[in-house]
Amino acid sequence: MEQVAEKLGRPDAGDAAMGKAWGIWYGSDSTAKRRDEIAIYSSYRDTSMRVKDVKQIRITSNAFKTQDGLATGANLEDTKLKFPDIKKLSSYLNEKKDTVVVYDAKKEGIGFEFLKGKSISLTVHPVNTAVNDTYLTLHPEWKLIN
């Protein structure tokens, strides 16, 4: 995480508990309808509690893309073409009472959040571990509906 802080600077927001932490950096475009963010989840590598590892990277900006060009804003059908093993994990009501649906391509190590048919985030995570098995709740204000 020290290398992350060297590259991105001090996080704009975050949350930490019991050796696990989110660092959140916001984009500087004040003309956007919503702020782009990069959120990095880290935890200690082992019980020595000396070295932290990055466990997940979540982005909301379409400036970042997968190796094959997928970015936020893609629809579910396009996402399924790139990640055919994608599975729906859960649905939430956000602060505006819109439904956000979380999908995961567990074997590939990438998760997605969809709102109104378009992806609003990509989360890179360890392969063969579900996206929601490792992270602290990034949006505690969201209500789980299934």
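Its first residue numbered 223, the sequence shown is counted upward by one per residue in the numbering used here.
Think of the CB as a built atom: it goes at the ideal place given N, C-alpha and C, for glycine as much as any other residue.
Predicted model only: the values in this text are computed from it and were never measured.
{"Item": "Leu-214 - containing beta strand (DSSP E), residue span", "Value": "In the structure displayed, the chain extends from 223 to 368; residue 214 sits before or after that span and is not available."}
{"Item": "Counted within 10 angstroms of its Cβ, other Cβ atoms place Lys-328 as buried (16 or more) or exposed", "Value": "buried"}
{"Item": "Gly-186 burial status per 10 Å Cβ neighbour count (16 or more: buried)", "Value": "Outside the displayed range of the chain (223 to 368) lies residue 186, so it cannot be described from this structure."}
{"Item": "Where Val-349 sits in the DSSP three-state scheme", "Value": "coil"}
{"Item": "Rounded straight-line distance, which links the Cα of Asp-326 to that of Asp-234", "Value": "27 Å"}
{"Item": "Nonlocal neighbours in the same chain, by C-beta distance under 7 Å from Val-349, ignoring five residues either side", "Value": "Lys-329, Glu-330 and Gly-331"}
{"Item": "Beta-carbon spacing of Asp-258, Thr-282 below 7 Å", "Value": "yes"}
{"Item": "Nearest candidate by alpha-carbon position, reference Lys-242, set Ser-250, Val-276 and Glu-224", "Value": "Val-276"}
{"Item": "Straight-line gap, Ser-264 to Lys-229 (C-alpha atoms, nearest Å)", "Value": "16 Å"}
{"Item": "Bridge-paired residues (DSSP) for Gln-278", "Value": "Tyr-263"}
{"Item": "Ile-279 vs Val-346 beta-carbon contact at 7 Å", "Value": "yes"}
{"Item": "Cα-Cα separation between His-361 and Ser-250, rounded to whole angstroms", "Value": "21 Å"}
{"Item": "Pair within 7 Å by beta-carbon distance, Gly-245 and Ile-262", "Value": "yes"}
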